[in-house]
Amino acid sequence: MDKTISTPAEAVAAIPDGASVMIGGFGGSGAPLELIKALIDRFKATGSPKNLTVINNNTGNGKVGLAAMIELGMVAKMICSFPRSADPRAFTEAYLAGKIELELVPQGTLAERIRAGGAGIPAFFTPTSYGTDLANGKPTAEFDGRMYVQERWLKADFALVKAELGDALGNLTYRKAARNFGPVMCTAAARTIVQVSKIVECGSIDPEVVVTPGIFVNGVVEVANPAQEEALNRAEESWV
Amino acid sequence: MDKTISTPAEAVAAIPDGASVMIGGFGGSGAPLELIKALIDRFKATGSPKNLTVINNNTGNGKVGLAAMIELGMVAKMICSFPRSADPRAFTEAYLAGKIELELVPQGTLAERIRAGGAGIPAFFTPTSYGTDLANGKPTAEFDGRMYVQERWLKADFALVKAELGDALGNLTYRKAARNFGPVMCTAAARTIVQVSKIVECGSIDPEVVVTPGIFVNGVVEVANPAQEEALNRAEESWV
Amino acid sequence: MSTDIKLSNAQIAWRAAQDIQDGAYVNLGIGFPEMVAKFQPEGRQAIFHTENGVLNFGEAPAAGTEDWDLINAGKKAITLRPGAAFFHHADSFAMVRGGHLDVAILGAYQVAQNGDLANWSTGAGGVPAVGGAMDLVHGAKRVAVITEHVTKKGEPKLLSACTLPLTGVGCVTRVYTSLAVIDIEGGHFVLREKLPSITFDDLQALTGAPLHTDGDVADLIVPEL
Amino acid sequence: MSTDIKLSNAQIAWRAAQDIQDGAYVNLGIGFPEMVAKFQPEGRQAIFHTENGVLNFGEAPAAGTEDWDLINAGKKAITLRPGAAFFHHADSFAMVRGGHLDVAILGAYQVAQNGDLANWSTGAGGVPAVGGAMDLVHGAKRVAVITEHVTKKGEPKLLSACTLPLTGVGCVTRVYTSLAVIDIEGGHFVLREKLPSITFDDLQALTGAPLHTDGDVADLIVPEL
Numbered sequence: 010m011d012k013t014i015s016t017p018a019e020a021v022a023a024i025p026d027g028a029s030v031m032i033g034g035f036g037g038s039g040a041p042l043e044l045i046k047a048l049i050d051r052f053k054a055t056g057s058p059k060n061l062t063v064i065n066n067n068t069g070n071g072k073v074g075l076a077a078m079i080e081l082g083m084v085a086k087m088i089c090s091f092p093r094s095a096d097p098r099a100f101t102e103a104y105l106a107g108k109i110e111l112e113l114v115p116q117g118t119l120a121e122r123i124r125a126g127g128a129g130i131p132a133f134f135t136p137t138s139y140g141t142d143l144a145n146g147k148p149t150a151e152f153d154g155r156m157y158v159q160e161r162w163l164k165a166d167f168a169l170v171k172a173e174l175g176d177a178l179g180n181l182t183y184r185k186a187a188r189n190f191g192p193v194m195c196t197a198a199a200r201t202i203v204q205v206s207k208i209v210e211c212g213s214i215d216p217e218v219v220v221t222p223g224i225f226v227n228g229v230v231e232v233a234n235p236a237q238e239e240a241l242n243r244a245e246e247s248w249v
Numbered sequence: 010m011d012k013t014i015s016t017p018a019e020a021v022a023a024i025p026d027g028a029s030v031m032i033g034g035f036g037g038s039g040a041p042l043e044l045i046k047a048l049i050d051r052f053k054a055t056g057s058p059k060n061l062t063v064i065n066n067n068t069g070n071g072k073v074g075l076a077a078m079i080e081l082g083m084v085a086k087m088i089c090s091f092p093r094s095a096d097p098r099a100f101t102e103a104y105l106a107g108k109i110e111l112e113l114v115p116q117g118t119l120a121e122r123i124r125a126g127g128a129g130i131p132a133f134f135t136p137t138s139y140g141t142d143l144a145n146g147k148p149t150a151e152f153d154g155r156m157y158v159q160e161r162w163l164k165a166d167f168a169l170v171k172a173e174l175g176d177a178l179g180n181l182t183y184r185k186a187a188r189n190f191g192p193v194m195c196t197a198a199a200r201t202i203v204q205v206s207k208i209v210e211c212g213s214i215d216p217e218v219v220v221t222p223g224i225f226v227n228g229v230v231e232v233a234n235p236a237q238e239e240a241l242n243r244a245e246e247s248w249v
Numbered sequence: 010m011s012t013d014i015k016l017s018n019a020q021i022a023w024r025a026a027q028d029i030q031d032g033a034y035v036n037l038g039i040g041f042p043e044m045v046a047k048f049q050p051e052g053r054q055a056i057f058h059t060e061n062g063v064l065n066f067g068e069a070p071a072a073g074t075e076d077w078d079l080i081n082a083g084k085k086a087i088t089l090r091p092g093a094a095f096f097h098h099a100d101s102f103a104m105v106r107g108g109h110l111d112v113a114i115l116g117a118y119q120v121a122q123n124g125d126l127a128n129w130s131t132g133a134g135g136v137p138a139v140g141g142a143m144d145l146v147h148g149a150k151r152v153a154v155i156t157e158h159v160t161k162k163g164e165p166k167l168l169s170a171c172t173l174p175l176t177g178v179g180c181v182t183r184v185y186t187s188l189a190v191i192d193i194e195g196g197h198f199v200l201r202e203k204l205p206s207i208t209f210d211d212l213q214a215l216t217g218a219p220l221h222t223d224g225d226v227a228d229l230i231v232p233e234l
Numbered sequence: 010m011s012t013d014i015k016l017s018n019a020q021i022a023w024r025a026a027q028d029i030q031d032g033a034y035v036n037l038g039i040g041f042p043e044m045v046a047k048f049q050p051e052g053r054q055a056i057f058h059t060e061n062g063v064l065n066f067g068e069a070p071a072a073g074t075e076d077w078d079l080i081n082a083g084k085k086a087i088t089l090r091p092g093a094a095f096f097h098h099a100d101s102f103a104m105v106r107g108g109h110l111d112v113a114i115l116g117a118y119q120v121a122q123n124g125d126l127a128n129w130s131t132g133a134g135g136v137p138a139v140g141g142a143m144d145l146v147h148g149a150k151r152v153a154v155i156t157e158h159v160t161k162k163g164e165p166k167l168l169s170a171c172t173l174p175l176t177g178v179g180c181v182t183r184v185y186t187s188l189a190v191i192d193i194e195g196g197h198f199v200l201r202e203k204l205p206s207i208t209f210d211d212l213q214a215l216t217g218a219p220l221h222t223d224g225d226v227a228d229l230i231v232p233e234l
């Protein structure tokens with residue numbers, strides 16, 4: 010079994026219109042920019058994929074990455090906790106124009122819903138958002154004298170994740186705080202595609218330090234020296 | 010801040026009669042034998058702690074470790090998934106004599122209940138045990154056309170865990186499959202005590218390979234060359 | 010009616026192993042099902058999961074070289090293959106419950122025609138123990154059973170309804186027995202393969218619920234082992 | 010009634026920092042609360058948590074030496090201290106929700122006398138954004154707020170009931186303002202410290218719910234910063 014894929018373009022080729030896509034990263038840290046770029050290039054060439062539901066903590070920054078996907082009209086709905094950034098224009102304009110739907114989820118609930126999706130837990134109770142507008146319409150229950158909100162799992166058709174090392178079985182390590190949503194998103198998608206800085210031989214990642222075991226990964230593509238969103242934005246790059 | 014403790018005896022000195030205690034390990038792998046031995050020595054010297062509720066996947070093997078605690082009458086109740094072993098006499102005899110209570114929990118539900126305890130999730134739904142005797146009396150609910158059982162979190166007053174490396178802040182690594190329940194138990198107890206094979210300087214565990222961040226750990230005691238239950242049993246050792 | 014000719018445990022395990030694809034993630038129940046790992050077809054390599062937090066383990070180490078921190082769910086010493094990973098128990102059962110395993114192969118006391126499985130309690134008192142079986146039956150994409158076709162007393166283990174405490178409801182999709190390979194579809198036992206030496210009627214007589222067919226019934230052919 | 014004399018943001022942050030014990034696990038909200046880290050008393054070392062998966066981070070790196078994979082929840086570059094750890098987002102919020110943080114310090118639009126907090130939405134349209142605030146207020150053992158005592162328009166931020174959308178119900182236990190330190194106990198604001206330059210009555214006039222006292226009200230004394 011060999012899960013390696015040659016190019017980002019090949020890695021994202023199967024994502025159809027209307028798919029739900031988890032995209033790793035917290036702001037630019039951990040954003041799988043080269044996979045996103047391949048998706049954008051495909052969209053520019055073919056008009057697909059569009060009408061995507063994207064799950065990400067944020068909604069992009071500037072004119073690259075997720076922000077570019079939104080500005081290009083590829084995204085019908087965002088599920089996120091914090092649709093703001095240094096330069097949030099792409100999302101803000103689409104949202105205020107009614108061109109994009111927003112499901113706002115508290116950050117910890119977002120992470121836990123994704124973790125639940127991967128762990129086969131269809132629903133759980135959390136104190137988060139109890140008594141607030143974000144709990145409107147959700148079941149509540151009392152446990153040990155305290156009130157909680159019932160939240161549902163979150164799964165997706167695809168996950169696009171950035172990691173550091175990967176092997177042919179899909180075992181992964183991450184780099185610093187770029188880990189963030191990657192490990193849980195890998196578990197919660199029907200098909201998980203990961204860009205790694207380096208593909209290494211099976212057995213060269215110590216089994217003790219594997220963060221995402223390969224069982225959660227379907228494809229691994231090497232992107233050496235991946236771009237950083239912050240650097241692209243400082244250079245005023247645009248993918249739109 | 011320095012979480013290191015000099016001796017196992019000191020580490021377990023505060024565990025009172027009637028406490029709930031999570032004990033790490035899957036069979037002998039990961040069993041914190043030196044902490045258990047200190048608890049047993051204390052009980053022999055003082056008659057305490059007794060009437061303990063112990064959470065462990067199993068119920069001990071032979072006449073050392075958890076089996077010895079049970080045979081000595083220190084344990085009032087076991088919460089576990091598999092009260093059998095190569096030599097399960099200690100538990101079997103106590104159970105059949107009505108001297109010990111048993112809460113039998115499917116293994117994955119046990120792990121998830123502990124994880125939920127540590128993660129502030131008071132209840133969750135799982136497909137596990139639906140339609141079986143182990144779901145008797147538990148709420149059920151349907152999600153997306155499938156039936157699930159509601160399970161509650163599990164917390165404890167203390168957790169006794171075995172790890173490999175530890176630093177003064179309580180950051181931990183584990184050794185091979187001895188990891189098992191350790192990381193989740195560390196999160197779910199009011200006070201978590203860990204025996205490690207070696208205490209190392211803060212900063213010498215790579216932040217990328219920390220398995221249990223120190224926030225979940227209250228005390229760390231060094232036990233170089235810890236005993237293995239399997240070896241003790243083969244040598245027919247008895248702590249009773 | 011004769012059960013003199015039947016498959017050995019090794020042969021049942023061999024037959025089950027033939028249905029495991031290359032690269033499949035597989036959990037084998039403790040005891041008899043562990044034997045399936047020995048019979049992976051040439052050119053295929055499954056990746057074995059054990060509940061206690063290891064993916065991609067290999068064979069048992071030589072006696073005397075065991076590391077008792079490196080065991081499987083049956084508490085037996087194992088070795089690692091390249092590309093192995095360790096993880097904690099909650100993550101391990103996230104793999105199980107989350108549907109990430111391709112196949113789980115378990116033993117059985119009883120299997121019902123609707124896929125109900127009873128394999129954890131004889132209901133006879135003593136000390137009950139469940140382990141990971143109740144999680145596995147609701148997690149793996151395919152849950153198969155390997156078992157003798159009848160009990161030691163000659164009573165059917167494949168039944169219209171289980172009489173022993175259930176492990177899971179409607180979870181089993183294929184049963185490999187000492188006499189046959191039987192799918193569970195639409196609430197029925199569907200016979201796929203049987204030993205050439207046993208007639209359909211004799212097999213039916215040893216089975217506690219109607220055996221259906223859906224096209225040809227193939228001969229169950231296994232090597233000497 | 011005068012608000013001419015009031016604490017600067019740095020001074021409010023300094024005061025809040027005095028209540029953080031050595032070894033405490035602390036989450037500081039993005040923006041103004043981040044400033045609290047600068048004012049840890051001599052001899053005490055808190056351990057800072059950031060939602061995006063880092064424990065025990067330190068100060069910002071020098072400009073030009075940033076690693077954009079190493080940021081805090083405010084997306085600012087950080088450094089690590091010895092004994093740091095990385096972990097994923099679900100584990101990070103297990104720390105938050107599971108009650109493992111000793112203190113969370115947040116900003117506020119409004120705080121009610123029962124401890125309700127509003128700090129995520131002005132309710133005025135635009136793009137709503139919540140981040141980790143709703144999790145933090147229900148997780149940390151102690152949830153404190155640092156804030157100006159009144160809005161820029163001079164309206165009270167400490168109220169009998171919040172009028173803006175809530176972040177959490179009954180979650181705040183202490184408020185450090187530009188004029189006072191106020192505990193929330195039993196559904197009341199209890200004044201603990203106030204600037205010597207303001208009278209109780211003037212402070213009450215700037216506060217949207219009754220200020221109670223419980224023993225002496227100490228002088229709020231902070232250094233020039």
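Chains as they are written, first to last, in the numbering used here: chain A, 10 to 249; chain B, 10 to 249; chain C, 10 to 234; chain D, 10 to 234. Glycine residues also receive a C-beta, built at the ideal position from the N, C-alpha and C atoms. Since the model is a prediction, treat every value here as computed from it, not as a measurement.
Can you list, in chain order, the residues of its chain with a C-beta nearer than 8 Å to that of residue i? Leave out the 5 residues immediately preceding and following it.
| i | result |
| --- | --- |
| Ala93 of chain C | Val63, Leu64, Asn65 and Phe66 |
| Gln49 of chain D | Ala26, Ile29 and Ala55 |
Give me the Cα-Cα distance between residue i and residue j, rounded to the nearest whole angstrom.
| i | j | result |
| --- | --- | --- |
| Val112 of chain C | Trp129 of chain C | 19 Å |
| Tyr157 of chain B | Thr135 of chain B | 5 Å |
| Pro239 of chain C | Arg24 of chain C | Given a span of 10 to 234 for chain C in the structure shown, any question on residue 239 of chain C remains unanswerable. |
| His158 of chain D | Gln54 of chain D | 28 Å |
| Ala150 of chain B | Thr149 of chain A | 14 Å |
| Val208 of chain C | Ala121 of chain C | At residue 208 of chain C the sequence reads Thr, which differs from the Val that was named. Distance between the alpha carbons of Thr208 of chain C and Ala121 of chain C: 22 Å. |
| Tyr34 of chain C | Phe57 of chain C | 6 Å |
| Lys86 of chain A | Leu181 of chain A | 29 Å |
When you compare each of the options to residue i by their alpha carbons, which one comes out closest?
| i | options | result |
| --- | --- | --- |
| Leu251 of chain A | A:Gly212, A:Pro97 and A:Ala77 | Residue 251 of chain A lies beyond the stretch modelled for chain A, which goes from 10 to 249, so this question has no answer here. |
| Gly217 of chain C | C:Gly108, C:Ile56, C:Gly83 and C:Gly163 | C:Gly163 |
| Glu51 of chain C | C:Asn61, C:Asn36, C:Gly32 and C:Ala69 | C:Gly32 |
| Leu188 of chain D | D:Gly177, D:Leu175 and D:Lys166 | D:Lys166 |
| Thr221 of chain A | C:Phe96, C:Lys150, C:Leu234 and C:Ala214 | C:Phe96 |
| Val209 of chain A | A:Met31, A:Val218, A:Gly175 and A:Arg184 | A:Gly175 |
| Ala103 of chain D | B:Ile32, B:Ala18 and B:Ala125 | B:Ala125 |
| Met10 of chain B | D:Pro91, D:Ala86 and D:Lys47 | D:Pro91 |
| Ala95 of chain A | A:Asn180, A:Gly37 and A:Gln204 | A:Gly37 |
| Gln237 of chain B | C:Leu37, C:Trp77, C:Leu126 and C:Gly141 | C:Trp77 |
Excluding the five sequence neighbours on either side, which residues of its own chain have a C-beta within less than 7 Å of the C-beta of residue i, listed in chain order?
| i | result |
| --- | --- |
| Val231 of chain C | Leu16, Gln20, Trp23 and Arg24 |
| Gly196 of chain D | Gln122 and Asn123 |
Residues in the same chain with beta-carbon distance under 6 Å from residue i, minus the five sequence neighbours each way, listed in chain order, please.
| i | result |
| --- | --- |
| Ile39 of chain C | Ala82 and Gly83 |
| Thr196 of chain A | Gly127 and Phe225 |
Which partner residues does residue i have in the DSSP bridge list?
| i | result |
| --- | --- |
| Glu9 of chain A | Lying outside 10 to 249, the shown extent of chain A, residue 9 of chain A is not represented and no answer is given. |
| Ser247 of chain B | B:Lys72 |
### Interfacial residues, the segment 183-196 of chain B to chain C, with Cβ spacing under 8 Å
So the list reads Tyr183, Arg184, Lys185, Ala186, Ala187, Arg188, Asn189, Phe190, Gly191, Pro192 and Val193, given in the order they occur along the chain.
### Message
Closer than 8 Å between beta carbons: that is the criterion. Which residues of the segment 120-132 of chain A meet it against chain B?
### Response
Those residues of the segment 120-132 of chain A that come within reach of chain B (Cβ to Cβ, closer than 8 Å) are Glu121, Ala125, Ala128, Gly129, Ile130, Pro131 and Ala132.
### Query
Mind listing which residues of the segment 140-165 of chain B have their C-beta closer than 8 Å to chain A's C-betas, in chain order?
Cβ contacts with chain A come from Ala150, Phe152, Asp153, Arg155, Tyr157 and Arg161.
### Message
Beta carbons nearer than 9 Å to chain B: which residues of the segment 86-120 of chain D have them?
### Response
So the list reads Leu89, Arg90, Pro91, Gly92, Ala93, Ala94, Phe95, Phe96, Ala99, Asp100, Phe102, Ala103, Met104, Val105, Arg106, Gly107, Gly108, His109 and Leu110, given in the order they occur along the chain.
### Task
Identify each residue in the segment 195-219 of chain D for which the Cβ-Cβ distance to at least one residue of chain A is less than 7 Å, and report them in chain order.
Within the segment 195-219 of chain D, no residue has a Cβ lying closer than 7 Å to any Cβ of chain A.
### Query
Using a Cβ cut-off of 7 Å, which residues of the segment 16-39 of chain D contact any Cβ in chain B, in chain order?
The residues in question are Asp31, Gly32 and Tyr34.
#### Entry: Selection of the segment 219-248 of chain A by Cβ proximity to chain C, strictly under 7 Å
Legend: CB atoms of the segment 219-248 of chain A lying less than 7 Å from CB atoms of chain C belong to residues Val219, Pro222, Gly223, Ile224 and Phe225.
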